[in-house]
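Everything on this sheet refers to the single structure shown next.
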Amino acid sequence: MTSSEQELLYQYLQNHYLTDEKRDQINALIVMLTEQNVDELQSHLNYNVLVSEETLITEIALIEAYLYSGKDNKALDINHIQLVRLKSYLSMLNKYQEIFEGLNLEFINEEKIYLKVDQLSFEKKHGYLLLKSKLLMDISPERINITRKQFINSNNLSLTLNELEISYYYSSNALSQYILNEKETLIGMSTQN
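Per the numbering used here, the very first residue in the sequence shown carries number 54; after that it's consecutive.
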């Protein structure tokens with residue numbers, strides 16, 4: 054994209070796509086992206102985002118539009134750690150979209166594919182943020198007779214599709230912190246054997 058095209062896209066996103074209502078949605082999401090509000094975020098994912106592939110894509114598009122800074126890398130109205138949390142969340146949603154696409158190909162004749170997030174957590178570590186989640190799919194024989202809400206609130210037979218861990222390094226020495234963490238992991242694995 055040329056710099057003028059980047060600026061046009063930025064202006065469109067900021068002035069037309071990101072309405073006041075969508076900005077309110079982003080602000081509410083930023084509030085949910087904390088250790089204290091992780092239950093609210095999990096509920097948001099289960100009841101609003103993972104309803105369908107379309108609602109998931111809509112959430113991804115909203116965040117990407119908000120994060121797009123144009124040719125001049127214009128500053129966002131959030132602090133650095135909020136930006137890190139939002140980008141980590143976006144990475145998780147992109148992974149869920151890949152899973153949804155695979156399921157749609159595999160279960161092409163299925164009318165209902167129910168997914169839910171379980172065990173969602175945020176941890177702020179020294180120099181990085183760790184986002185963990187478990188994505189479950191309903192595989193119970195009763196799934197044709199229950200609603201999505203019933204699945205979310207039940208302990209029906211579920212298949213764990215993905216246990217996701219996203220580490221987002223954000224400090225000025227992010228590479229050094231990453232290498233140190235990898236060494237510690239390897240040392241821990243070698244002492245277990």
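Virtual Cβ for every residue (Gly too), placed ideally from N, Cα, C. These numbers were taken from a predicted model, which means no experiment stands behind them.
Asked: Assign Asp191 to one of two classes, buried (16 or more other C-beta atoms within 10 Å of its C-beta) or exposed (fewer than that).; Found: buried
Asked: Roughly how many whole angstroms lie between the Cα atoms of Tyr70 and Tyr63?; Found: 10 Å
Asked: Candidates Arg138, Tyr149 and Tyr100: which alpha carbon is nearest Lys187's?; Found: Tyr149
Asked: Specify the secondary structure class of Ser220 as computed by DSSP and reduced to three states.; Found: strand
Asked: Rounded to whole angstroms, what is the Cα-Cα separation between Val91 and Ser141?; Found: 14 Å
Asked: Closest to Gly247 by C-alpha separation, out of Tyr222, Tyr65, Leu214 and Asp77, would be which residue?; Found: Beyond the ends of the chain as shown, which are 54 and 246, falls residue 247; an answer cannot be given.
Asked: Would you say Met85 and Glu74 are within 7 Å of each other, going by their C-beta atoms?; Found: no
Asked: Which residues share a DSSP beta bridge with Leu212?; Found: Met190
Asked: Alpha helix (DSSP H) containing Leu168: first to last residue?; Found: Careful: Leu168 lies outside any alpha helix (DSSP H), inside the beta strand (DSSP E) at Leu168 to Lys178.
Asked: Within 10 Å of its beta-carbon, does Ser229 have 16 or more other beta-carbons around it, so buried, or fewer, so exposed?; Found: exposed
Asked: Where does Leu184 sit, in a helix, a strand or coil, going by DSSP?; Found: strand
Asked: Assuming Ile113 is part of the alpha helix (DSSP H), what are its boundary residues?; Found: Glu106 to Leu120
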